[in-house]
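Numbering (the UniProt record's numbering), first residue to last: 1 to 394.
Right under this line is the structure:
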């Protein structure tokens, strides 16, 4: 079975481009050009030079010695938290800003939940001198105030989404509305492996620098390219797509996807799409989606602003449906404890998104010689207020 996208933009049953007629020219222009542009030597050179000189890649693959000892297995952390801006998101925004320039676009829009993608988009727009508008749920604006300030310092206009749950899905709706109204000069930088084809594939390709580096780094560390498992948290799923990418078709590498169970899978306050989702269409692609019996999208919940999306990207829906990926749901409480534990064991404060991935070791057992690589997708600075409130650290 193939786990990459096919020529029609599908991963198995999931994907496609379900878009309003008004958006067809934009999406089609991108679809016809993205692979051709990405394969140009000049594009590749500029992309990799910026990743090296500006983002600070390659990021280290760090052996978490004390964490490994505690759980009786070999745990490596892929340190995406050390990227410029503090998360993996910038890998994709660098790629997409270069794509937008080659397609002659002068105005950039984006949606953001935790704010990291908004910051990464504002960063590359400042770098390239392009106008930047970021849509963000009003609730997320409150809980991610430092990231909002960073976006404004970088010259972006931050527009609050006041509809629905005032979080990520609503910000995405607003961004799509903007794009329909400004089709010719605007490029929409989607921050995850979601949206209409070719976005899930394009974002996954830009993020695949992560697994590409892991292969080389593991040869140095362990004498082999392949770990036994790659682990990542999944909301929309771009950090997960990045670390899975070069291992998708290798059955010897286990793929573990960790979702946010919020206050419990059956609590009504959760974002565990694999457990609760049914087939549906959101933001232009067919995927697994949390919805009511009559097909209305239900409001997701997670303590982490980056995981409360009501669906997953089509690649991940296919990994789940086909059985290629093992999906685990982690509650707020378990994630918060895991974040604190990594801080105390390794001196690394992780983003709460990543803390979900770190929490699996309590119940999911690994062999002593297993090599488990976790994508440490972001740093915890942006979540300090949440950590402070949760653990009464003030």
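We treat Cβ as the ideally placed atom computed from N, Cα and C, and that holds for glycine.
>> Please list the terminal residues of the continuous alpha helix (DSSP H) segment that includes residue 356.
In response: In the chain shown, counting from the first residue as 1, residue 356 sits at position 356. Element bounds for residue 356: 352 to 358.
> Whole-angstrom Cβ separation of residue 423 and residue 285, contact assumed at under 8 angstroms?
Replying inline: The question about residue 423 has no answer, for the chain in this structure spans 1 to 394.
> CB-CB under 8 angstroms to residue 18, same chain, minus the five flanking residues each way: which ones, in chain order?
Replying inline: In the chain shown, the residue the question calls residue 18 occupies position 18. Correct list, in chain order: 196, 281, 284, 285, 286.
> How is the alpha helix (DSSP H) around residue 256 delimited, first residue to last?
Replying inline: In the chain shown, counting from the first residue as 1, residue 256 sits at position 256. Element bounds for residue 256: not the alpha helix (DSSP H) but the beta strand (DSSP E), 254 to 262.
> Excluding sequence positions up to five away, which residues of its chain have a Cβ less than 7 angstroms from the Cβ of residue 234?
Replying inline: The residue labelled residue 234 in the question sits at position 234 within the chain shown. The residues are 240, 257, 258, 259, 312, 316.
> Using the C-alpha atoms, what's the distance from residue 125 back to residue 105?
Replying inline: As a working note, residue 105 is residue 105 in the chain shown. As a working note, residue 125 is residue 125 in the chain shown. The straight-line gap from Cα to Cα measures roughly 12 angstroms.
>> DSSP three-state label for residue 161, please.
In response: For the purposes of this step, residue 161 is taken as the residue at position 161 of the chain shown. In this structure, residue 161 counts as strand in the three-state DSSP scheme.
> Should residue 184 go down as buried or exposed, given a rule of 16 or more other Cβ atoms within 10 Å for buried?
Replying inline: One-based indexing of the chain shown puts residue 184 at position 184. Burial call: exposed.
>> Which residue wins for smallest C-alpha separation from residue 163, given the options 155, 173, 156?
In response: As a position in the chain shown, residue 163 is number 163, starting the count at 1. Cα-wise, what sits closest to residue 163 is 173.
> Do residue 166 and residue 139 have their C-beta atoms closer together than 8 angstroms?
Replying inline: Sequence index remark: in the chain shown, residue 166 carries index 166 (1-based). Sequence index remark: in the chain shown, residue 139 carries index 139 (1-based). Yes, they are a contact pair.
> Quick one: what's got a C-beta closer than 8 angstroms to residue 246's C-beta in the same chain, skipping five residues either side?
Replying inline: Counting from one through the chain shown, the residue named residue 246 turns up at place 246. Around residue 246: 208, 211, 212, 214, 215.
> Nearest to residue 384 by alpha carbon, out of 352, 95, 356?
Replying inline: Position 384 of the chain shown holds residue 384. Here the closest residue by C-alpha is 352.
> Between 231, 134, 322, which lies nearest to residue 329 when the distance is taken from Cα to Cα?
Replying inline: The sequence position of residue 329 within the chain shown is 329, counting from 1. Comparing Cα positions, the closest option is 231.
>> Can you list, in chain order, the residues of its chain with a C-beta nearer than 8 angstroms to that of residue 159? Leave out the 5 residues immediately preceding and following it.
In response: Here the question's residue 159 lines up with position 159 in the chain shown. Taken in chain order, the residues that qualify are 133, 134, 135, 136, 174.
>> Judging by CA-CA distance, which residue of 242, 327, 243, 35 is the nearest neighbour of residue 98?
In response: As a first step, residue 98 must be located in the chain shown, where it is residue number 98. Checked all of 242, 327, 243, 35; the closest Cα to residue 98 is 35.
> With burial defined as no fewer than 16 other Cβ atoms inside 10 Å of the residue's Cβ, what is the status of residue 24: buried or exposed?
Replying inline: Sequence index remark: in the chain shown, residue 24 carries index 24 (1-based). Exposed, by the Cβ-count rule.
> Is residue 56 buried or exposed, if buried means 16 or more other CB atoms sit within 10 Å of its CB?
Replying inline: As a first step, residue 56 is located in the chain shown; it is residue number 56 there, counting from the start. It is exposed - the Cβ of residue 56 has fewer than 16 other Cβ atoms within 10 Å.
> Just reading off the beta strand (DSSP E) that residue 232 is part of, what are its end residues?
Replying inline: Along the chain shown, read from residue 1 onward, the residue named residue 232 stands at position 232. It spans 229 to 233 - the beta strand (DSSP E) in which residue 232 sits, taken as one unbroken run.
> Which of the three DSSP states, helix, strand or coil, is assigned to residue 14?
Replying inline: Here residue 14 refers to the residue found at position 14 of the chain shown. It is a strand residue.
> Which value, in whole angstroms, describes the spacing of the CA atoms of residue 397 and residue 27?
Replying inline: Nothing can be reported for residue 397, as the shown portion of the chain is limited to 1 through 394.
> Would you call residue 9 buried or exposed, if buried means 16 or more other Cβ atoms sit within 10 Å of its Cβ?
Replying inline: Residue mapping note: residue 9 aligns to position 9 of the chain shown, counting from 1. Buried.
> How long is the line joining the alpha carbons of residue 123 and residue 388, rounded to whole angstroms?
Replying inline: One-based indexing of the chain shown puts residue 123 at position 123. One-based indexing of the chain shown puts residue 388 at position 388. One C-alpha to the other measures close to 27 angstroms.
>> Taking the beta carbon of residue 391 as the centre, do at least 16 other beta carbons fall within 10 Å, making it buried, or is it exposed?
In response: On the chain shown, position 391 is the one that residue 391 refers to. Exposed: under 16 other Cβ atoms inside 10 Å.
> Per DSSP, what kind of secondary structure is residue 375 in: helix, strand or coil?
Replying inline: Stepping through the chain shown from its first residue, residue 375 is reached at position 375. Reduced to three states, the DSSP call for residue 375 is strand.
> For residue 136, which beta-bridge partners are listed by DSSP?
Replying inline: If you number the chain shown from 1, residue 136 lands on position 136. The partner list for residue 136 (beta bridge, DSSP) reads 112, 160.
>> For residue 85, count the other beta carbons within 10 Å of its own beta carbon; 16 or more makes it buried, fewer makes it exposed. Which is it?
In response: The sequence position of residue 85 within the chain shown is 85, counting from 1. By the neighbour-count rule (16 or more Cβ atoms within 10 Å), residue 85 is buried.
> Should residue 309 and residue 271 be called a contact, given that it needs their Cβ atoms to be closer than 8 angstroms?
Replying inline: The count along the chain shown starts at 1 and reaches residue 309 at position 309. The count along the chain shown starts at 1 and reaches residue 271 at position 271. Yes, Cβ-Cβ distance for residue 309 and residue 271 is below 8 angstroms.
> Out of curiosity, what's the CA-to-CA distance linking residue 342 and residue 376?
Replying inline: Translated into positions along the chain shown, residue 342 becomes position 342. Translated into positions along the chain shown, residue 376 becomes position 376. About 11 angstroms.
> My guess is that residue 322 and residue 12 are in contact by the Cβ rule of under 8 angstroms, so how many angstroms apart are they, rounded?
Replying inline: Counting from one through the chain shown, the residue named residue 322 turns up at place 322. Counting from one through the chain shown, the residue named residue 12 turns up at place 12. That belief holds up - the Cβ atoms of residue 322 and residue 12 are roughly 6 angstroms apart, short of 8 angstroms.
> If we ignore side chains and look at the alpha-carbon of each, how far apart do residue 393 and residue 338 end up?
Replying inline: Here residue 393 refers to the residue found at position 393 of the chain shown. Here residue 338 refers to the residue found at position 338 of the chain shown. Cα to Cα, residue 393 sits roughly 16 angstroms from residue 338.
> Looking only at its own chain, which residues have a Cβ that is under 8 angstroms from the Cβ of residue 364, when we skip the five neighbours before and after it?
Replying inline: Taking the first residue of the chain shown as position 1, residue 364 is located at position 364. Closer than 8 angstroms at the Cβ level, and outside the excluded window around residue 364, lie 256, 328.
> On the premise that residue 156 lies in contact with residue 170, defined as a C-beta separation below 8 angstroms, what is that separation, rounded to the nearest angstrom?
Replying inline: As a position in the chain shown, residue 170 is number 170, starting the count at 1. As a position in the chain shown, residue 156 is number 156, starting the count at 1. Contact flag wrong, Cβ pair sits at about 18 angstroms.
> How close, in whole Å, do the beta carbons of residue 293 and residue 253 come, if the pair is a contact with beta carbons under 8 angstroms?
Replying inline: Within the chain shown, residue 293 is the residue found at index 293, counting from 1. Within the chain shown, residue 253 is the residue found at index 253, counting from 1. That pair is no contact at about 38 angstroms.
> Can you tell me whether residue 91 is buried or exposed, with buried defined as 16 or more other CB within 10 angstroms of its CB?
Replying inline: Working through the chain shown from its first residue, we reach residue 91 at position 91. Classification for residue 91: buried.
> Which term fits residue 296, buried or exposed, when burial requires 16 or more other beta carbons within 10 angstroms of its beta carbon?
Replying inline: Locating residue 296 in the chain shown gives position 296, counting from the first residue. Burial call: exposed.
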